[in-house]
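Numbering-wise, the working numbering puts 34 at position 41 of the sequence shown, and it's gapless, one number per residue.
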Amino acid sequence: MPYSSTAWIGLYRDTWKWSDGTNATDLMWASGKPDNAGGNNNCAMVSNGQFTDMACSTLTYSFCHT
């Protein structure tokens, strides 16, 4: 995946939790984020090393860890 690309990271809004249900803390948000622009930015992705909130329907790469 190119460094400048975006990727889903398994983070969603419900007091920002990871996909395994644990609370997310100390997040590296991009400046001004999260802002819930459009009112439906309920998921987060990483872009250029920082988190940004986006609509969950946005198509992009996924980052998985097992």
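C-beta: ideal position from N, C-alpha, C; glycine also.
Taking A17 as the centre and dropping the five residues before and after it, the same chain places the C-beta of L4, W9, K10 and W11 closer than 8 Å to its C-beta, in chain order. Rounded to the nearest angstrom, the Cβ distance from F44 to W22 is 5 Å, consistent with a contact under 8 Å.
One Cα belongs to G25, the other to G14, and the distance between them is close to 25 Å. DSSP, read as helix, strand or coil, puts A30 in helix. Ranked by Cα distance from W1, the options V39, A48, S50 and D28 are led by V39.
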